[in-house]
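Colleague: My questions will all concern the structure given below.
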Amino acid sequence: IGHVDHGKTTLTAALTRVCSEVFGSAIVEFDKIDSAPEEKARGITINTAHVEYNSTIRHYAHVDCPGHADYVKNMITGAAQMDGAILVCSAADGPMPQTREHILLSRQVGVPYIVVFLNKADLVDDAELLELVEMEVRDLLSTYDFPGDDTPIIIGSARMALEGKDDNEMGTTAVKKLVETLDSYIPEPVRAIDQPFLMPIEDVFSISGRGTVVTGRIERGIVRVQDPLEIVGLRDTTTTTCTGVEMFRKLLDEGRAGENCGVLLRGTKRDDVERGQVLVKPGSVKPHTKFTAEVYVLSKEEGGRHTPFFKGYRPQFYFRTTDVTGNCELPEGVEMVMPGDNIQMTVTLIKTIAMEDGLRFAIREGGRTVGAG
Numbered sequence: 235i236g237h238v239d240h241g242k243t244t245l246t247a248a249l250t251r252v253c254s255e256v257f258g259s260a261i262v263e264f265d266k267i268d269s270a271p272e273e274k275a276r277g278i279t280i281n282t283a284h285v286e287y288n289s290t291i292r293h294y295a296h297v298d299c300p301g302h303a304d305y306v307k308n309m310i311t312g313a314a315q316m317d318g319a320i321l322v323c324s325a326a327d328g329p330m331p332q333t334r335e336h337i338l339l340s341r342q343v344g345v346p347y348i349v350v351f352l353n354k355a356d357l358v359d360d361a362e363l364l365e366l367v368e369m370e371v372r373d374l375l376s377t378y379d380f381p382g383d384d385t386p387i388i389i390g391s392a393r394m395a396l397e398g399k400d401d402n403e404m405g406t407t408a409v410k411k412l413v414e415t416l417d418s419y420i421p422e423p424v425r426a427i428d429q430p431f432l433m434p435i436e437d438v439f440s441i442s443g444r445g446t447v448v449t450g451r452i453e454r455g456i457v458r459v460q461d462p463l464e465i466v467g468l469r470d471t472t473t474t475t476c477t478g479v480e481m482f483r484k485l486l487d488e489g490r491a492g493e494n495c496g497v498l499l500r501g502t503k504r505d506d507v508e509r510g511q512v513l514v515k516p517g518s519v520k521p522h523t524k525f526t527a528e529v530y531v532l533s534k535e536e537g538g539r540h541t542p543f544f545k546g547y548r549p550q551f552y553f554r555t556t557d558v559t560g561n562c563e564l565p566e567g568v569e570m571v572m573p574g575d576n577i578q579m580t581v582t583l584i585k586t587i588a589m590e591d592g593l594r595f596a597i598r599e600g601g602r603t604v605g606a607g
């Protein structure tokens with residue numbers, strides 16, 4: 235992340251080059267990253283480049299976006315939760331408007347760790363100036379509740395590293411140091427399988443003599459036969475027990491994150507469950523009607539609205555497998571929201587939805603996506 239032309243793509247290319255020499259992963263050329271292909275996430279077109287590289291202990295998947303708007307869209311709609319970010323800031327220019335905006339967005343969408351690369355340091359002769367820029371970046375991070383004083387800052391030149399140079403250890407050495415810092419400062423993410431069980435319910439069936447089966451793709455965790463479970467959202471929370479797991483018409487003892495399966499529920503009637511609810515480990519997720527969200531509103535060109543909306547706007551909010559109508563409150567002093575804007579808003583739904591921090595959703599009008607949050 236970072237301001238336009240501060241060197242994000244050059245650093246991305248340099249990371250693949252240095253890691254390929256040291257750790258044997260593939261080199262990705264600058265031009266290939268810069269002409270990133272379009273991809274669709276939740277009906278929104280985003281240009282993103284995905285590269286991969288290895289350190290001595292890890293394999294990294296790294297996303298670089300060519301344009302500022304692509305970053306905003308990717309952070310708000312991106313399917314994958316980021317485990318950390320590299321903030322690139324030009325030592326020659328210091329923090330700029332998008333530096334601030336990307337840090338704010340990282341805070342809003344729950345990026346847990348930021349490591350800083352002060353780039354273009356080969357263009358700065360004055361050590362005091364470098365110190366000043368470093369202080370500014372630390373202050374900015376602290377402003378948005380990141381630990382500015384303790385954030386690792388690596389000083390170097392991505393261009394030198396990309397060209398295989400290393401004067402004053404600012405090229406290859408600095409990028410190696412950056413990778414080592416990612417390894418030490420950003421902790422291992424908790425794998426989906428180790429998190430509490432959650433499965434969005436897509437379909438409900440009644441099987442005579444056996445009871446009610448709900449189907450869906452397990453988002454996280456494991457469900458085992460005899461596990462107590464809760465059904466959350468849309469109506470009052472109810473408790474049930476898993477009496478069987480079925481996949482490809484085979485009965486299994488358990489279902490795991492990423493699998494599509496049917497879960498047989500004891501004592502639950504066909505009419506007690508519906509699409510849009512979630513099946514969860516008891517007590518792990520609460521139902522809510524009111525939430526605050528960071529939202530990107532599609533532009534007209536992206537198939538979004540052609541006109542702005544105002545406070546009291548009532549679209550549908552699509553969570554996991556269902557739409558629920560909600561009322562939008564805009565921030566103080568904001569009269570209207572234009573297509574293409576990103577904005578923080580507070581929403582009150584007409585029914586409860588199982589939700590937690592960082593949950594993604596789409597905003598729809600009559601089945602057409604007009605925003606994401």
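Going by the numbering used here, the first residue of the sequence shown is number 235, and it counts up by one from there. From the three backbone atoms N, C-alpha and C, an ideal C-beta is built for every residue, glycine too.
1) Buried or exposed: Gln550, going by 16 or more other Cβ atoms within 10 Å of its Cβ?
2) Enumerate in chain order the residues of its own chain whose CB-to-CB distance from Thr243 is below 6 Å, with the five nearest sequence positions on each side excluded.
3) Which residues bound the beta strand (DSSP E) around Leu498?
4) Between Val558 and Val604, which are expected to be in contact by the criterion C-beta below 8 Å, what is the C-beta distance as a whole number of angstroms?
5) Under three-state DSSP, which class holds Gly382?
6) From Ala355 to Leu416, what distance separates their C-alpha atoms?
7) Rounded to the nearest angstrom, how far is the Cβ of Ala606 from that of Ile280, given a contact under 8 Å?
8) So Ala491 packs on Ala392, CB below 8 Å; how close in whole Å?
9) For Thr407, which residues in the same chain have their Cβ closer than 8 Å to its Cβ, ignoring the five residues on either side in sequence?
10) Quick check: does the Cβ of Thr385 come within less than 7 Å of any heavy atom belonging to the ligand GDP?
11) Please name the residue in Glu370, Asp265 and Met579 whose C-alpha comes closest to that of Asp383.
12) Can you check the region 264-328 for any beta strand (DSSP E) of at least 3 residues that lies completely inside it and give the ranges in chain order?
13) Among Met572, Glu397 and Val350, whose alpha-carbon lies nearest the alpha-carbon of Ser533?
14) Just to confirm the assignment: which complete beta strand (DSSP E) runs, minimum length 3, are found wholly within the region 351-426?
15) Am I right that Arg341 and Leu374 are in contact with their C-beta atoms under 8 Å? What's the rounded C-beta distance?
16) For Gly600, count neighbouring Cβ atoms within 10 angstroms of its own Cβ and tell me buried if that reaches 16, exposed if not.
17) May I have the straight-line CA-CA distance separating Pro542 from Tyr552, to the nearest angstrom?
18) Does the Cβ of Asp487 have 16 or more other Cβ atoms within 10 Å, making it buried, or fewer, making it exposed?
19) Between the beta-carbon of Gly510 and the beta-carbon of Ile435, is there less than 8 Å?
20) If the criterion is Cβ atoms closer than 8 Å, does the pair Arg504 and Val438 meet it?
21) Assuming Leu432 and Arg458 form a contact by the criterion Cβ under 8 Å, report the distance between their Cβ atoms to the nearest whole angstrom.
22) Does the beta-carbon of Ala295 have 16 or more other beta-carbons within 10 angstroms, so that it is buried, or is it exposed?
23) State the Cα-Cα distance for the pair Phe380 and Gly344, rounded to the nearest angstrom.
24) Could you give the distance in angstroms between the alpha-carbon of Ala283 and the alpha-carbon of Pro271?
25) For Ala596, which residues in the same chain have their Cβ closer than 6 Å to its Cβ, ignoring the five residues on either side in sequence?
26) Is the separation between the beta-carbon of Val512 and that of Val466 shorter than 8 Å?
27) Which of helix, strand or coil does DSSP assign to Arg341?
Modeller: In short, the structure shows the following:
1) Label assigned to Gln550: buried.
2) Ile267, Asp268 and Asp298
3) Asn494 to Arg500
4) Actually they do not touch by this definition, with Cβ atoms about 15 Å apart.
5) helix
6) So the alpha carbons of these two residues sit roughly 20 Å apart.
7) Cβ atoms of Ala606 and Ile280 stay farther apart than 8 Å, at about 10 Å.
8) About 36 Å separates the two Cβ atoms, so there is no contact after all.
9) Gly390 and Asp400
10) With respect to small molecules bound, the structure shown includes none, and the ligand GDP cannot be examined in it.
11) Glu370
12) Listed in chain order, they are 272-275, 278-281, 283-288, 293-298 and 319-324.
13) Met572
14) 387-389
15) At roughly 11 Å, the Cβ-Cβ gap does not stay under 8 Å, so Arg341 and Leu374 are not in contact.
16) Answer is exposed; the Cβ neighbour count stays below 16.
17) 20 Å
18) exposed
19) yes
20) yes
21) The pair is not a contact, with the Cβ atoms about 14 Å apart (cut-off 8 Å).
22) exposed
23) 11 Å
24) 7 Å
25) Arg276, Tyr552, Thr603 and Ala606
26) A contact, by the Cβ cut-off of 8 Å.
27) In the structure shown, Arg341 sits in a helix (DSSP, three-state: H, G or I).
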